[in-house]
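K.L.:
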Amino acid sequence: MKIERVEIAANKMMLRKPFKIALGVITEVSNLTIKVITDTGDFGIGEATPEPLVTGETLEGCEAALKLLADALTGEDPRQLSRIHSIMNQCMKGNGSAKAALDMASYDLLGKSTGLPLYQLLGGQDNQVETDMTISIDTPEVMAENAQLFVEQGFTALKIKVGLDEKDDIERVKQIRAAVGPAIELRIDANQGWRAKQAIKMIEQLQKYDIAFFEQPTPASDIDGLAFIRTQVNQQIMADEAAFVPQDALSLIKKDAVDAVNIKLMKCGGIYPALQINSICEAANIPCMVGCMAGETNISIAAAAHFVAAQKNVRFADLDATFDLAVLAYEGVVGTEKTPVIQLNEAAGLGVKQKEEVAQ
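Numbering (the working numbering), first residue to last: 5 to 364.
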């Protein structure tokens with residue numbers, strides 16, 4: 005089996021409502037769907053969701069990177085993931101979203117060639133993944149109302165976006181905890197919105213609301229700040245924007261800067277490097293979460309869910325991106341309806357296919 009060509013399609017989608025985090029406001033999302041077609045007639049699908057606020061990638065840059073990578077991979081066996089990534093990394097640095105698209109399409113082909121769903125191919129047994137639901141920044145009252153609604157829809161874990169105003173952030177968390185009660189797990193994500201000393205003060209004030217962990221409280225470049233925070237508070241600190249690739253995870257662990265790491269396929273370049281990050285963390289007794297970018301569809305969410313289902317060290321899942329989209333061009337694994345449990349199907353590969361009306 006050899007890669008013959010890669011088809012690329014650009015997509016722009018409006019979110020159902022603006023998604024606000026400390027880094028900015030997102031109203032429209034863009035992504036690229038790809039189809040890796042082989043000389044046997046088989047194909048695998050993948051998706052790149054560049055996020056300028058997080059990865060620095062743009063749709064246009066990602067498309068250009070995909071074309072260069074596709075040329076470099078033409079004639080290669082997509083099932084040889086180690087070689088695929090070696091070629092991509094020799095071709096260019098960074099560009100995690102573009103590499104992730106080709107990675108998941110290759111895994112889709114690998115699964116199809118073996119007849120196995122990806123979670124089984126990766127060594128997993130459980131075909132269900134429970135995700136949290138993210139509450140974007142709004143007034144404390146609106147965020148509390150949304151939290152209560154999500155709990156009514158079955159979610160048992162909520163991720164609260166903060167990082168803009170200290171007083172408002174405290175009130176947001178206070179009202180959300182009052183609205184959902186003590187049984188719901190709350191996770192705080194500041195998206196780099198605080199400085200180290202400020203983060204310590206905020207964590208000390210918020211910890212009484214029984215917070216599971218605080219995600220990326222400081223700027224991604226301030227690893228020493230993360231390490232300092234851990235010496236001052238008795239709370240779990242998770243890295244997100246500070247952890248893109250396996251080398252980042254290793255550096256964070258060496259500096260004793262984290263209690264957990266958030267892996268995102270669009271940051272690291274796909275499932276293959278995600279496995280490396282998780283292995284590094286597992287060896288250091290550091291649990292992982294798998295998250296997603298705004299605008300990811302069920303193609304990449306399926307890839308991430310398969311990965312989560314197969315990895316015992318991945319303790320948390322934040323795979324709610326499709327719930328903010330009005331429509332999906334593909335079907336399978338997860339849709340736009342808010343549901344806390346992602347049910348992986350038994351179809352070979354990713355288990356996602358293009359909707360018939362779209363294909364026609």
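Even for Gly, the Cβ is constructed at its ideal location relative to N, Cα and C. Remember, predicted model here, so these are calculated numbers, not experimental data.
Just verifying my parser: in three-state terms, what is the DSSP assignment at Gln364?
P.N.:
With a pLDDT of 46 at Gln364, under the threshold of 50, the predicted position of this residue should be treated as unreliable, though the coordinate-derived value follows. Coil at Gln364, not helix or strand.
K.L.:
Could you give the DSSP three-state label for Glu341: helix, strand or coil?
P.N.:
coil
K.L.:
Taking the beta carbon of Asn238 as the centre, do at least 16 other beta carbons fall within 10 Å, making it buried, or is it exposed?
P.N.:
exposed
K.L.:
Which residues in the same chain have their Cβ closer than 6 angstroms to the Cβ of Gly158, if we skip the five residues on either side of it in sequence?
P.N.:
Pro344
K.L.:
Give the DSSP-derived three-state secondary structure of Met206 in the structure shown.
P.N.:
In the structure shown, Met206 adopts helical secondary structure according to DSSP, grouped into three states.
K.L.:
Over what stretch of residues does the alpha helix (DSSP H) that includes Thr235 continue unbroken?
P.N.:
227 to 236
K.L.:
Ignore the nearest five residues each way along the sequence and tell me which others in Lys178's own chain have a CB closer than 7 angstroms to its CB.
P.N.:
When the five nearest sequence neighbours on each side are left out, the beta carbons in the same chain lying within less than 7 angstroms of the beta carbon of Lys178 are those of Tyr213, in order along the chain.
K.L.:
How long is the line joining the alpha carbons of Leu70 and Leu210, rounded to whole angstroms?
P.N.:
So the alpha carbons of these two residues sit roughly 43 angstroms apart.
K.L.:
Restricting to Cα atoms, I'd like to know which of Ala203, Cys95, Asp226, Ser86 is closest to Leu72.
P.N.:
Cys95
K.L.:
Buried or exposed: which applies to Asp252, given that a residue is buried once 16 or more other Cβ atoms fall within 10 Å of its Cβ?
P.N.:
Taking a 10 Å sphere around the C-beta of Asp252, we find 16 or more other C-beta atoms and assign the residue as buried.
K.L.:
If you drop the 5 nearest sequence neighbours on each side, which residues of the same chain put their C-beta closer than 6 angstroms to that of Lys21?
P.N.:
none
K.L.:
So what does DSSP say about Gln365, is it helix, strand or coil?
P.N.:
Because the chain here runs from 5 to 364, residue 365 falls outside it and cannot be looked at.
K.L.:
Quick check: the Cα distance between Arg234 and Gln202, rounded to an integer number of angstroms?
P.N.:
Distance between the alpha carbons of Arg234 and Gln202: 13 angstroms.
K.L.:
List the endpoints of the continuous beta strand (DSSP E) containing Ala52.
P.N.:
47 to 52
K.L.:
If you follow the alpha helix (DSSP H) that Met147 is in, where does it begin and where does it stop?
P.N.:
It spans 144 to 156 - the alpha helix (DSSP H) in which Met147 sits, taken as one unbroken run.
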